[in-house]
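Under the numbering used here, the first residue of the sequence shown is numbered -19, with each subsequent residue one higher.
Yeah, the Cβ is synthetic: ideal placement off N, Cα and C, and Gly gets one too.
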Amino acid sequence: MDKKILTTVVPIVLVFLAGTVFLIMQRRDQQGVQTAKDQGSTQTNSSIPADWKTYSNKEYGFEFRYPKEWGIDNERSSQDTIVFNTGFDESRESVTFLKNTENISPSEWLESNRQKHTGTILQESHLTIDGVDAVKLETGEFAQSFIVFSNEKNLFVVTTMGLIEKKKVLETLRFL
C-alpha cells in the first residue's frame, strides 16, 4: 500500500514543482520585456557605468555604449557589422546595420531570414528600443537571440548570446 501511495504522490509533487519553476521563469521573462518596453529615449540609466565606451555611426544615425572591457573585433567586423570581443572566444555579440531600401518591418526581415538559422525557435517576443518596436527571436542554435528593429531608413540586427542584454547595452542605444 505504501508503494502505491508513493508512486502516486511523487509524480504529482514533481509536476507541481516543475509547473511552479516554469511560472516563475515566465514571470521573470515578462518583467524583463516590460522593463525594456518602459525604457524611453529620454530616460538615462544610472546603472550604466560612466567609463563605458561609445560607438557612434553617423551614416546609419545611431550610437550606443558598451563595456570598457569589450573591444571591437576588426577581423570579424565589416562595414555594416560590429562584432565585439567580450572575453569569450565563441562570442556572438554583434550589431549589423542595413539600409532598409525595401522598407520592410523587423518581422518581415526575420521571416525572410528564418531559413538561414537551423536552430529551434524557442520564443518570439516584442520590445521597444529608443522608442521603436523590436522583435526578439530566441533560438536553440548556440543559445542565440536575434533582436531586429528599424528606424525610418535602416534596419538593425543584434545577434547575442545574452551579454548585450545582460549588460544593458541596448538600453543605451539612441538614434541621432
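If you drop the 5 nearest sequence neighbours on each side, which residues of the same chain put their C-beta closer than 7 angstroms to that of residue i?
| i | result |
| --- | --- |
| Gln11 | Per-residue confidence for Gln11 stands at a pLDDT of 44, beneath the threshold of 50, marking its modelled position as unreliable; the derived number appears in the next sentence. Cβ neighbours of Gln11 beyond the five flanking positions: none. |
| Ser87 | Val115 |
Go through its chain and collect everything with a Cβ distance to residue i's Cβ below 6 angstroms, but skip five positions before and after it.
| i | result |
| --- | --- |
| Asn93 | none |
| Arg56 | Val63 |
| Glu73 | Phe64, Thr66, Thr140, Leu143 and Ile144 |
| Ile127 | Ala114, Lys116 and Val138 |
Would you list the one or two residues that DSSP bridges to residue i?
| i | result |
| --- | --- |
| Tyr40 | Per DSSP, none; premise fails for Tyr40. |
| Thr140 | Ser125 |
Where does residue i fall in DSSP's three states?
| i | result |
| --- | --- |
| Asn93 | helix |
| Ser125 | strand |
| Glu118 | strand |
| Ile84 | coil |
| Phe155 | strand |
| Asp53 | coil |
| Thr34 | strand |
| Lys148 | coil |
| Thr(-12) | helix |
Within 10 Å of its beta-carbon, does residue i have 16 or more other beta-carbons around it, so buried, or fewer, so exposed?
| i | result |
| --- | --- |
| Thr(-13) | exposed |
| Thr140 | buried |
| Ile(-8) | exposed |
| Ala30 | exposed |
| Thr34 | exposed |
| Thr100 | exposed |
Using a Cβ-Cβ cut-off of 8 angstroms (strictly less than) and excluding sequence neighbours within five positions of residue i, which residues of its own chain qualify?
| i | result |
| --- | --- |
| Leu156 | Ser36, Lys38, Gly41, Phe42 and Glu43 |
Would you call the segment 74 to 93 and the segment 127 to 143 touching, i.e. three or more CB-CB distances under 8 angstroms?
The count of Cβ pairs closer than 8 angstroms, one atom from the segment 74 to 93 and one from the segment 127 to 143, reaches three, so the stretches are in contact.
Do the segment 82 to 89 and the segment 61 to 68 touch if we need at least three Cβ pairs shorter than 8 angstroms?
No: fewer than three Cβ pairs fall under 8 angstroms.
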